[in-house]
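Chains as they are written, first to last, in the working numbering: chain B, 8 to 169; chain V, 8 to 169.
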């Protein structure tokens with residue numbers, strides 16, 4: 008049972024694939040899709056979509072999870088992020104993967120134990136929980152692993168969302 | 008020279024293809040991609056993306072134009088719209104079409120002559136300007152034709168955007 012977590016970003020989109028073995032989870036693959044500078048939004052979206060398609064093709068996960076974008080502070084960044092999230096959801100849907108969506112506080116709670124953890128604490132816990140040899144970089148990647156971990160933890164509780 | 012205008016919506020996405028013949032424009036095709044009720048966001052996005060891909064395949068336009076979403080009143084609807092706009096931009100980019108983006112006021116100005124026109128006035132003018140036999144329905148379709156018309160009018164003024 009492989010779960011793909013995606014952390015959408017306008018410049019860097021992190022991904023993490025974890026194997027869910029009952030109560031334990033381990034990282035199978037992860038990385039960052041970095042959009043070259045200077046591209047316009049449509050080209051950036053194509054770059055991200057192609058990247059996610061490649062990840063799906065390579066790992067063949069059976070479910071995907073993303074973060075909600077609706078609680079972002081900066082409205083303009085959140086709009087751009089929603090475009091990226093749109094193409095991420097599309098890639099998952101076209102690959103036939105159900106996609107779950109979690110609030111940032113849910114993800115932090117499931118990984119760190121409380122909803123106000125910062126990204127570095129999330130990375131530290133992800134490293135421990137997934138048995139990684141070293142902390143992954145950049146933080147977009149640990150965030151992607153965190154949303155996959157959150158989904159692995161909560162999916163049995165019936166949290167699979169639209 | 009065919010231009011595809013897209014009016015993104017969470018339930019209905021309008022499209023309009025116009026042929027730009029110097030100073031005159033005529034409608035070549037138009038319609039609405041209606042997402043069946045009850046689908047989750049990822050499936051809705053797939054439905055819209057497949058619909059736009061079909062339109063592009065059928066008409067083979069050489070440029071596309073969409074409306075900005077950044078001035079929407081309702082933030083939650085605007086986020087959903089940004090997801091749809093993301094997959095619309097992706098479809099265009101994957102088809103190799105440059106995509107221009109226009110503010111609602113620009114579109115209204117170019118079609119009606121002032122930026123505060125309502126959607127019915129836009130439809131009335133689009134009907135006249137594109138030589139249509141009758142008013143198109145729903146308003147998402149006339150809005151899509153309007154953004155295509157706006158692009159046809161402004162592209163020679165160097166308005167092609169990212």
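Note that the Cβ used here is the ideal one computed from N, Cα and C, for glycine as well.
These numbers were taken from a predicted model, which means no experiment stands behind them.
Identify which residue in the options has its Cα closest to the Cα of residue i.
i             : options                    : result
residue 65/V  : 136/V, 140/V, 37/V         : 37/V
residue 50/V  : 44/B, 25/B, 105/B, 59/B    : 105/B
residue 91/B  : 58/B, 35/B, 112/B          : 58/B
residue 126/B : 136/B, 137/B, 139/B, 111/B : 111/B
residue 102/B : 18/B, 56/B, 29/B, 74/B     : 56/B
residue 86/V  : 114/V, 48/V, 10/V, 116/V   : 48/V
residue 107/V : 137/V, 160/V, 135/V, 26/V  : 160/V
residue 115/V : 149/V, 142/V, 19/V         : 149/V
residue 95/B  : 157/B, 134/B, 53/B, 34/B   : 53/B
residue 138/B : 158/B, 22/B, 26/B, 113/B   : 26/B
residue 144/B : 41/B, 11/B, 8/B, 30/B      : 41/B
residue 63/V  : 135/V, 12/V, 152/V, 134/V  : 12/V
residue 46/B  : 128/B, 34/B, 17/B, 99/B    : 17/B
residue 134/B : 29/B, 70/B, 35/B, 162/B    : 35/B
residue 23/B  : 151/B, 156/B, 158/B        : 151/B
residue 100/V : 30/V, 70/V, 162/V          : 70/V
residue 28/B  : 8/B, 142/B, 88/B, 157/B    : 8/B
residue 162/B : 89/B, 123/B, 43/B, 117/B   : 117/B
For residue i, count neighbouring C-beta atoms within 10 Å of its own C-beta (all shown protein chains included) and say buried if the count is 16 or more, exposed if not.
i             : result
residue 32/B  : buried
residue 68/B  : buried
residue 146/V : buried
residue 20/V  : buried
residue 169/V : With a pLDDT of only 40 at residue 169/V, under 50, the local geometry of the prediction cannot be trusted, and the value read off the model is given with reservation. With fewer than 16 Cβ atoms within 10 Å of its Cβ, residue 169/V is classed as exposed.
residue 121/V : exposed
residue 140/V : exposed
residue 132/V : buried
residue 74/V  : buried
residue 61/V  : exposed
residue 15/B  : buried
residue 72/V  : buried
residue 93/V  : buried
residue 82/V  : exposed
residue 153/B : buried
residue 136/V : buried
residue 155/V : buried
residue 98/V  : buried
residue 130/V : buried
residue 89/V  : buried
Indicate whether at least one CB of chain B lies closer than 8 Å to the CB of residue i.
i             : result
residue 63/V  : no
residue 34/V  : no
residue 76/V  : yes
residue 166/V : Bear in mind that a pLDDT of 46 at residue 166/V, under 50, signals an unreliable position, so the model cannot answer this.
Any beta carbon of chain V sitting closer than 8 Å to that of residue i?
i             : result
residue 42/B  : no
residue 82/B  : yes
residue 85/B  : yes
residue 169/B : Unreliable positioning characterises residue 169/B in this predicted model, as indicated by a pLDDT of 40, which lies under 50. The coordinate reading is nonetheless provided below. With 8 Å as the cut-off, residue 169/B counts as an interface residue toward chain V.
Confirm the yes/no value for this check: CB of residue i, any heavy atom of the ligand GTP, distance under 7 Å.
i            : result
residue 14/B : The model on display carries no ligand, and the ligand GTP is accordingly not part of it.
4 or more residues per run - each alpha helix (DSSP H) lying fully within the region 69-140 of chain B: 82-101, 111-119, 126-136
Against chain B: residues of the region 44-58 of chain V by CB proximity under 8 Å: 47, 48, 49, 50, 52, 53, 56
Interfacial residues, the region 90-113 of chain V to chain B, with Cβ spacing under 7 Å: 90, 91, 92, 93, 94, 96, 97, 99, 100, 101, 106
Residues of the region 143-159 of chain V with Cβ closer than 8 Å to any Cβ of chain B, in chain order: none
Segments assigned beta strand (DSSP E), at least 3 residues, entirely inside the region 31-76 of chain V: 31-41, 70-74
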